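As structure tokens, the structure follows; a few thoughts come after it.
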Amino acid sequence: MNLAECNTIFKTKFIYQSCIGFAFCKIYVSVRGMSFVRFVFQLGQAVLGLGLLLATIAFATKTGDVYSRIWFFSWLIVAFLLLITVRSSVLSILRLMRRHGFNERRVVILGAGTLGIQFAQTVQQALWTGYRIVSFWD
């Protein structure tokens with residue numbers, strides 16, 4: 027098998043595995059209200075899991091000798107750092123927008139009884155929804 031065929035196989039495996047692996051590590055869920063440390067931990071877990079999966083497949087298909095270990099580990103580190111940089115930048119922009127009143131929904135709750143108060147408490151506990159309760163109407 028030549029290098030071009032190995033690269034094509036590697037790229038195809040990478041695309042499928044990254045989609046499945048990142049979904050499994052819950053990378054594509056909302057991060058509103060999540061701490062930055064947990065966010066970085068999830069990204070690291072996803073990149074490490076993807077690297078282990080790719081190494082296992084390279085070993086199983088006997089294409090591991092085509093790729094340098096230095097290249098492989100460099101790729102893992104650069105991918106991790108780029109993911110943190112890009113996703114942190116996007117989160118910072120979204121938080122800045124939210125501070126200025128964008129990227130959130132204002133909610134008016136009809137009914138100030140026990141059910142309305144319970145609903146308001148539930149919404150305020152789920153910060154990731156982006157809802158801000160403005161008032162109660164009875």
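The sequence shown stops at residue 164 when you use the numbering used here, and every number in between is there. Here a beta-carbon is modelled for each residue, glycine too, at the ideal position from N, C-alpha and C. In this text, all values refer to a predicted model and were calculated from it rather than measured experimentally.
Only residues of its own chain outside the window of five on either side were considered, and among them Asp164 have a CB closer than 8 angstroms to the CB of Gly139, listed in chain order. In this model, Cys45 and Ile83 are separated by some 16 angstroms (Cα to Cα). Contact annotation: the region 149-160 touches the region 122-134, with at least three C-beta pairs closer than 8 angstroms.
Judged by pairs of C-beta atoms under 8 angstroms, the region 52-69 touches the region 101-120, as three or more such pairs exist. Shown here, Phe162 sits in a strand according to DSSP, grouped into three states.
In the DSSP assignment, Ile135 falls outside any alpha helix (DSSP H) and lies within the beta strand (DSSP E) extending over Arg131 to Leu136. Under DSSP, Tyr157 takes part in a beta bridge, and its partners are Arg131. Taking Phe48 as reference, the option from Ser118, Arg125 and Leu79 with the minimal CA-CA separation is Leu79.
Here Ile53 carries a coil assignment [DSSP, helix/strand/coil]. Selection Ala86, Glu31, Ser94 and Met60 evaluated against Ser118 yields Met60 as nearest (Cα-Cα). Selection Leu122, Phe85 and Val73 evaluated against Leu102 yields Val73 as nearest (Cα-Cα). The residues Gly47 and Cys51, in chain order, have a CB closer than 7 angstroms to that of Gly75 in the same chain once the five nearest residues on each side in sequence are set aside. With a threshold of 16 other beta carbon atoms within 10 Å, Leu69 meets it and is buried.
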